[in-house]
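Novice: With the first letter of the sequence shown counted as 1, position 117 gets the number 157 in the numbering used here; the numbers rise by one all the way through. Ideal placement from N, C-alpha and C gives every residue a C-beta, glycine not left out. Take a look at this one; I'll ask things after.
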Amino acid sequence: MSKIKYIIFFAILAFSAGQLLAWGPTGHRVVAQIAYDNLNCRARHRVDRVLGKHGIIYWSTWADNIKSDTIYPESYDWHFQDLDSGLSDSAVLAAMTHYPTVGGNLFRAMDSLVNLLRHDPGNVDALRFLIHIASDRFCPMHMGHLEDLGGNTIRFDWFKQPYNLHRLWDEGIINAVGYSYTEYANYLEDRFADQKKAIRRMSDGELLLHNYRLTEQIYAYQQEWNGNPYVYVYRFAPDMEWQLYAAGIRLAKLLNEIYG
Ligand SMILES: [Zn+2]
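Below, the structure written as structure tokens:
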């Protein structure tokens, strides 16, 4: 290969890798954009003052990025709470208040961050964490099973690339649909507008049970899926999109309560 061909080859490689990395956070930005659009005037003004204009969107992935630093090592397990399969409704709901000692710390982190911000709404890092963790709790595989690390050890090919179930729900389906975060937020706000009031009225427990039942369906579907990614997207994109929308509406509700 000539030198110029090498340069072009590696330039294409770097571009492709950059795109893969850049698309991962789309889900968090979709949720943050929907939340931002649903903040009342006072809350939006105050949240902008803490995070900068539209900062809720730009900082929505910071809690993942900070894992590469050493300043908040205790936050590594705030992003998930693994739950066993076959739990009763009451057992699932108990996890929200009794904080299981294994498989993550999402519920405790949520409560601590909300309490902290109620007393100290200008706490920048607490708000940066909250806008992310409040979104992660709507991602089904962040409540997966401990034995497979929330789907991380369930591997298969996805569009001919090695993939796993956790990553599929973090970004694989979103990327396959192919919208930018603003396009996706606009689309979901149109599509689910008639459900906004109902989602606002649901309790945290009802939303958790909804997420848990979806997680159970996702695990069960692994047994019957034929491996075709188009079939998977057709089956599950509507469920994932409802989760994204509900996450945005509920994040707005929470921030309206704290800052509105
Ligand atoms: Zn996360």
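Would you say I214 and I96 are within 8 angstroms of each other, going by their C-beta atoms?
Specialist: Taking the sequence shown and counting its residues from 1, one reaches residue 214 at position 174. Taking the sequence shown and counting its residues from 1, one reaches residue 96 at position 56. Cβ atoms of I214 and I96: not closer than 8 angstroms.
Novice: May I ask which residues mark the beginning and end of the beta strand (DSSP E) holding Y203?
Specialist: Working through the sequence shown from its first residue, we reach residue 203 at position 163. From DSSP, the beta strand (DSSP E) with Y203 extends over Q201 to N204.
Novice: Quick check on the contact list: which residues have their beta carbon closer than 6 angstroms to a heavy atom of ligand 1?
Specialist: Residues flagged by the Cβ proximity filter: A103, D104, H119, H172 and D176.
Novice: Compute the distance between the beta-carbons of R290 and L247, then report whether it is under 8 angstroms.
Specialist: Working through the sequence shown from its first residue, we reach residue 290 at position 250. Working through the sequence shown from its first residue, we reach residue 247 at position 207. Yes, the pair counts as a contact, with Cβ atoms nearer than the cut-off.
Novice: Are the CB atoms of S152 and V71 nearer to each other than 8 angstroms?
Specialist: In the sequence shown, the residue the question calls residue 152 occupies position 112. In the sequence shown, the residue the question calls residue 71 occupies position 31. Not a contact, by the Cβ cut-off of 8 angstroms.
Novice: If you run the structure through DSSP and keep just helix, strand and coil, what is W118?
Specialist: For the purposes of this step, residue 118 is taken as the residue at position 78 of the sequence shown. W118: coil per DSSP, three-state reduction.
Novice: Using the Cα positions of Q73 and Y221, report the straight-line distance between them to the nearest angstrom.
Specialist: For the purposes of this step, residue 73 is taken as residue 33 along the sequence shown, with counting starting at 1. For the purposes of this step, residue 221 is taken as residue 181 along the sequence shown, with counting starting at 1. Roughly 8 angstroms separates the two Cα atoms.
Novice: If you drop the 5 nearest sequence neighbours on each side, which residues of the same chain put their C-beta closer than 7 angstroms to that of N163?
Specialist: Position 123 of the sequence shown, counting from 1, holds the residue named residue 163. These residues qualify, in order along the chain: L156 and L157.
Novice: Compute the Euclidean distance between the alpha carbons of K200 and D160, then round it to the nearest angstrom.
Specialist: As a working note, residue 200 is residue 160 in the sequence shown. As a working note, residue 160 is residue 120 in the sequence shown. Looking at the two C-alpha atoms, the distance is approximately 48 angstroms.
Novice: If distances are taken between C-alpha atoms only, which option among L249, K293, F276 and A292 comes closest to D129?
Specialist: In the sequence shown, residue 129 corresponds to position 89, counting from 1. Ranking L249, K293, F276 and A292 by Cα distance to D129 puts L249 first.
Novice: Since V154 and L294 should fall inside the 8 angstroms C-beta cutoff, what is the C-beta to C-beta distance between them, to a whole number of angstroms?
Specialist: Position 114 of the sequence shown, counted from the start, is the residue given in the question as residue 154. Position 254 of the sequence shown, counted from the start, is the residue given in the question as residue 294. About 7 angstroms separates the two Cβ atoms, so the contact holds.
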